[in-house]
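See below for the structure under consideration.
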Amino acid sequence: MADLAARPNQASPPPTWPDDVYRILKEADVKQVGMVPDAGHSRLIRAFEADPETRVVTLTTEEEGVAMLAGAWLGGQRGVLLMQSSGVGNCINMLSLPAICHMPLLMLVTMRGDWGEFNPWQIPMGQGTHAALEAMGVIVTRADEPHLVAQTVWGAANLAFNTWRPAAVLIGQRVLGAKNFKELARK
Amino acid sequence: MTNPNALLHRRDVVGELLRDRGDLLVIAGLGAPNWDVSAAGDNPNNFPLWGAMGAASMMGLGLALAQPKRKVLVVTGDGEMLMNLGSLATIAVERPPNLTIAVLDNERFGETGMQRTHTASGVDLAAMALAAGIRTSRVVRTMEQVTEIRDLAYQGKGPVFAQVKINPEALVFVLPPADGVILTARFRQSVLGDEALYN
Numbered sequence: 016m017a018d019l020a021a022r023p024n025q026a027s028p029p030p031t032w033p034d035d036v037y038r039i040l041k042e043a044d045v046k047q048v049g050m051v052p053d054a055g056h057s058r059l060i061r062a063f064e065a066d067p068e069t070r071v072v073t074l075t076t077e078e079e080g081v082a083m084l085a086g087a088w089l090g091g092q093r094g095v096l097l098m099q100s101s102g103v104g105n106c107i108n109m110l111s112l113p114a115i116c117h118m119p120l121l122m123l124v125t126m127r128g129d130w131g132e133f134n135p136w137q138i139p140m141g142q143g144t145h146a147a148l149e150a151m152g153v154i155v156t157r158a159d160e161p162h163l164v165a166q167t168v169w170g171a172a173n174l175a176f177n178t179w180r181p182a183a184v185l186i187g188q189r190v191l192g193a194k195n196f197k198e199l200a201r202k
Numbered sequence: 026m027t028n029p030n031a032l033l034h035r036r037d038v039v040g041e042l043l044r045d046r047g048d049l050l051v052i053a054g055l056g057a058p059n060w061d062v063s064a065a066g067d068n069p070n071n072f073p074l075w076g077a078m079g080a081a082s083m084m085g086l087g088l089a090l091a092q093p094k095r096k097v098l099v100v101t102g103d104g105e106m107l108m109n110l111g112s113l114a115t116i117a118v119e120r121p122p123n124l125t126i127a128v129l130d131n132e133r134f135g136e137t138g139m140q141r142t143h144t145a146s147g148v149d150l151a152a153m154a155l156a157a158g159i160r161t162s163r164v165v166r167t168m169e170q171v172t173e174i175r176d177l178a179y180q181g182k183g184p185v186f187a188q189v190k191i192n193p194e195a196l197v198f199v200l201p202p203a204d205g206v207i208l209t210a211r212f213r214q215s216v217l218g219d220e221a222l223y224n
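Protein chains in written order, with the working numbering: chain A, 16 to 202; chain B, 26 to 224.
Encoded structure:
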């Protein structure tokens, strides 16, 4: 089963949706990118790192990014927070800030503990991500097909920046391709 | 000759840091630092936090990056700073010259009954900031040193970190507006002009 899951991704050309997401975030005037990296975000991060108009800030924990982008908004800049679903759990109390202050916060979350997951430790946070975000007042949308990611990000970016609310896009593991470290390990 | 063991008074420290503040932007951490900054005078260029513990330093970074021509001062407490020590590493890496962080260190969780914080047992925040890579980082024990920190902050010689040892006195609360929407809108309008109301 693991082979069936992994093979289409290995055979496919590199995904182009990160390029579309980059273009959409540039059109949305994003200037600060806070991130705790994930493989699913790597192409988007490279694009921002090559962009002299964008400041990419590597965080030690995702909640730093929620606070940083609140400060950015106070200073007139828009931003995006890139993370994996496990990082959402690190943000919960800090999400009070955009909620109570009516500040935009755009979060792009690559999912683990989702379609095809091999690591049982990823399941609790991955399966709790959507509910945890909604419990804190974040408007959550989800993309489970590569061709849906860009338009979902476009919608969430407009929602966040036009209505001053936290919004998250969950990018499903089906888009990213399920990892399986077992294939890399010697048993 | 002043007693070297005498602790500074928190509102004297904040009053000196905010003396002739000009267009300085201020983030105040939740709890007593918020009341101290408010006691020096409510100001649209203040963003006083009533919650989101651990936010102050990183809000200061995001603001400093967004407004590189303005000076940004974060005033927070030792309990709040201890919650987000990783931010010192992030700020050191980003190296914003216009950001100063002043931690009012009374070695206590003042809002919750004066329980001892880690700094009461010797945890050295200034050394941690220095080790993270914030080169200008000090323990401050005199008003002269507070003035030096003020000068560095206003000259944009950051990032600066100051662990200011203060008396664990409980003072009357001086409250700023509590509505986050009001605080956000007036800060943005003050910094960005009326255009902020349309974006």
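All C-beta atoms, glycine included, are put in the ideal place defined by N, C-alpha and C.
- Sequence-distant partners of B:V97 (beyond 5 residues in either direction) whose C-beta falls short of 6 Å from its own C-beta, in its chain, are L50, G85, L88, A89, N123 and L124.
- Close to chain A, meaning a Cβ-Cβ distance shorter than 8 Å, are the following residues of the stretch 194 to 207 of chain B: G205 and V206.
- The DSSP-derived three-state label of B:G102 is strand.
- Here the alpha carbon of A:M151 sits roughly 7 Å from the alpha carbon of A:S111.
- Interface annotation, A:Q137: not in contact with chain B, CB-CB separation never under 7 Å.
- Three or more Cβ pairs closer than 8 Å define a contact, and the stretch 186 to 199 of chain B falls short of that threshold against the stretch 96 to 103 of chain A.
- The alpha-carbon separation between A:P113 and B:F72 amounts to approximately 13 Å.
- Beta-bridge analysis with DSSP links A:M98 to A:V124.
- By the Cβ rule, the stretch 141 to 157 of chain B counts as touching the stretch 101 to 111 of chain B, because three or more pairs are nearer than 8 Å.
- For A:T75, the closest of B:G135, B:R163, B:S112 and B:I174 by C-alpha to C-alpha distance is B:S112.
- Chain A places no beta carbon closer than 7 Å to that of B:L98, leaving this residue out of the contacts.
- If you draw a 10 Å sphere on the C-beta of A:F196, you find fewer than 16 other C-beta atoms in it, and that means exposed.
- Listed along chain A, the residues sitting closer than 9 Å to B:R213 by beta-carbon distance are W88, L89, G90 and G91.
- Exclusion of the five residues before and after A:G55 leaves T125, I186 and L191 as the residues of its chain whose Cβ lies within less than 7 Å of its Cβ.
- Contact between the stretch 129 to 139 of chain A and the stretch 80 to 89 of chain A is absent: fewer than three C-beta pairs spanning the two stretches fall below 8 Å.
- The Cβ atoms of B:Q188 and B:L150 sit closer than 7 Å to each other.
- Boundaries cannot be given for A:V51, as no alpha helix (DSSP H) includes it and DSSP labels it neither H nor E.
- Distance between A:H145 and A:Q188, taken at the CA atoms: about 14 Å.
- Remark: C-beta atoms of B:V171 and B:V38 approach each other more closely than 7 Å.
- For the pair A:M50 and A:R61, the Cα-to-Cα distance works out to about 12 Å.
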